[in-house]
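Take a look at the structure below.
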Amino acid sequence: MLASCLPPATMTVVGAKCRDFIKPLSGCEQPLIACSRLAVFYVPKEWYIGKMKKRLVIANWKMYIQSPEAAKGFVAGLKRKTKNINNVEVWIAPPFTVLPLLKGVKVGAQTVAAHAEGAYTGDVSATMVKHAGASFAIIGHSERRAFGLTNEQVHAQLAAAAGAGLVPVLCVGERERTQDGSHFSVIEEQLTSALRGAQSLSSKLVVAYEPVWAIGKSAAEAMQQEELQETVIFIRKILADILGRAGARKVRILYGGSVEGANAHPLITEGGVGGFLVGHASAELDSFVEILKACQK
Ligand code: 13P
């Protein structure tokens, strides 16, 4: 069979729905086999993995680490235990209250307000977190979308973050996967609405693919690397439509959803991503260090 002539790293099997989206990328892939359900394409690995040399792992502490002592102790321990890991970038998104206290590590916000300033009780603006020491902001996390955050608001938050000079880490991901591949449309809609008019952002943008169904579980229930690779190719294709081919290649695509020491290595080596956005395992020092070790090249 023709497909078996290609090295596995340069071959991918994609569902029919995804194939329709990938097809217009002339020059990037040639369909090798097509049948009613599946198609096999040649997609050069360097195209969908992107241009970044270093892998990026972001700790999303959610509401796990609460006290200044615990947060500062974690960062001190992290520095100690990762002295010999130098080809992985580590960023931390702590709760707002401890963000200004963490030194010697790149920190960011877990969300920012859509508005620049004004009568928005309880909101924290992008400029405020920038003053507190943040250099990036997670935008559109599914745990905020679950409280009613709309695609329009995600777009406004992303613009606010970028406007304040923060790197937006845009989260996208479907609630469930369906046989007919409609989850691809969900991801496409989230990307296109959030990135409307954001062409100049590409080298500053991080996209975190976080399928909601895989969040907060265990490595055994997380997404498998083959499925992840297919989705990353799809995301890169949509980014190419929005930002242009050159712009899309500069965007880092991360995976989040039950990344643990046990699955980090197969996901990073075969999933096509440039790093991870880690939840529960990022709040436990040894688990987090295990993930960082798995990301070393
Ligand atoms: P878990 O790693 O706990 O599944 O969380 C993923 C996540 O939501 C990171 O933003």
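Position one of the sequence shown corresponds to residue 92 (our numbering), numbered consecutively onward. Ideal Cβ placement from N, Cα and C applies to all residues, glycine included. Small disclaimer: the values here were computed from a predicted structure and weren't measured.
- A Cβ-Cβ distance of about 12 Å is found for the pair L147 and G347, leaving them out of contact under the 8 Å criterion.
- For the region 186 to 255, the continuous alpha helix (DSSP H) assignments of 4+ residues that do not extend past its boundaries occur at 217 to 222, 233 to 236, 242 to 254, in sequence order.
- Linking G370 to I156 through their CA atoms gives a straight-line distance of about 11 Å.
- The beta carbon of P185 lies closer than 7 Å to those of W152, I156, A162, L193, V198 in the same chain, with the five residues before and after it left out.
- Taking a C-beta distance under 9 Å as the contact criterion, A337 and S378 do not qualify as a contact pair.
- Within a 10 Å sphere around the beta-carbon of R171 sit fewer than 16 other beta-carbons, which makes this residue exposed.
- Counting only unbroken stretches of 3 or more residues, the beta strand (DSSP E) elements lying wholly within the region 282 to 331 are 297 to 300, in sequence order.
- Residue burial is scored here from C-beta neighbours: H232 has at least 16 other C-beta atoms within 10 angstroms and is therefore classed as buried.
- Excluding sequence positions up to five before and after A299, its CB lies within less than 6 Å of the CB of V260, C262, L345, G347, L368, all in the same chain and listed in chain order.
- Between A385 and A210, the alpha-carbon positions lie close to 45 Å from each other.
- Within the chosen limit of 8 Å, ligand 1 does not reach the beta carbon of I359 with any heavy atom.
- The region 277 to 296 makes contact with the region 231 to 246: 3 or more CB pairs, one atom from each, lie closer than 8 Å.
- The beta carbon of Q201 lies closer than 6 Å to those of A184, I229 in the same chain, with the five residues before and after it left out.
- Straight-line measurement puts the Cα of G307 at about 15 Å from the Cα of A355.
- Residues G231 of the same chain have their beta carbon placed closer than 7 Å to that of L240, with the five preceding and five following residues left out of the count.
- Less than 9 Å divides the Cβ of W304 from the Cβ of R268.
- Closer than 8 Å to some heavy atom of ligand 1: that does not describe the Cβ of V263.
- With respect to P191, G168 sits apart: the two C-beta atoms are not nearer than 9 Å.
- G366 has L147 as its beta-bridge partners, per DSSP.
- A direct Cα-Cα distance of roughly 28 Å separates A372 from G213.
- Here Q281 is not near G254, since their CB atoms are 9 Å or more apart.
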